[in-house]
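S.K.: Residues 4 to 83 (my numbering) make up the sequence shown, in order. Glycine included, each C-beta is placed from N, C-alpha and C at the ideal position. Just so we're clear, the structure is a prediction, and the values are computed from it rather than from any experiment.
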Amino acid sequence: MIDTNGTARELKRMLPIKSHPTEETIELYSLGRLAEELVPSLEEHLLVCERCQEALREEDSFSQSIVAWSKCKRRESGGV
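(1) Counting only the same chain and skipping the five closest in sequence on each side, list residues whose C-beta sits under 6 Å from that of M4.
(2) I need the DSSP call for A38, collapsed to helix, strand or coil.
(3) Using a Cβ-Cβ cutoff of less than 8 Å, which residues in the same chain neighbour C55 once the five nearest sequence positions on both sides are dropped?
(4) Go ahead and pull the three-state DSSP assignment for S22.
(5) Using three-state DSSP, classify C52 as helix, strand or coil.
(6) Using DSSP with H/G/I as helix, E/B as strand and the rest coil, what is S80?
Rendered as structure tokens:
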């Protein structure tokens, strides 16, 4: 949970969660491909939503695993 001197808790009270972003939205954000105009509202949501913070961590971890696997395969095949 992101928490800076209670800021996240205060935001939760002020910004009740009405809906969560889709998995695709979180994936696009993780990859840096989410439309610029959608980023601020998603980031606001991520400040107060532990469920979506966890989904983003999982997506980031998955993406990093794919990149590492890809690099390993390139080395095995003689590529750089």
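M.R.: Concretely, from the data shown:
(1) Here residue 4 refers to the residue found at position 1 when the sequence shown is read from its first residue. Residue placement at M4 cannot be trusted, given a pLDDT of 43 that sits under 50; the coordinates are not used to answer.
(2) Residue 38 sits at position 35 when you count from the first residue of the sequence shown. Note: A38 maps to coil in three-state DSSP.
(3) For the purposes of this step, residue 55 is taken as residue 52 along the sequence shown, with counting starting at 1. Excluding residues within five positions, the ones whose Cβ falls inside 8 Å are H23, P24, I29, H48 and L49.
(4) Within the sequence shown, residue 22 is the residue found at index 19, counting from 1. S22 falls in the coil class under three-state DSSP.
(5) Numbered from its first residue, the sequence shown carries residue 52 at position 49. Reduced to three states, the DSSP call for C52 is coil.
(6) Position 77 of the sequence shown, counted from the first residue, corresponds to residue 80. S80 falls in the coil class under three-state DSSP.
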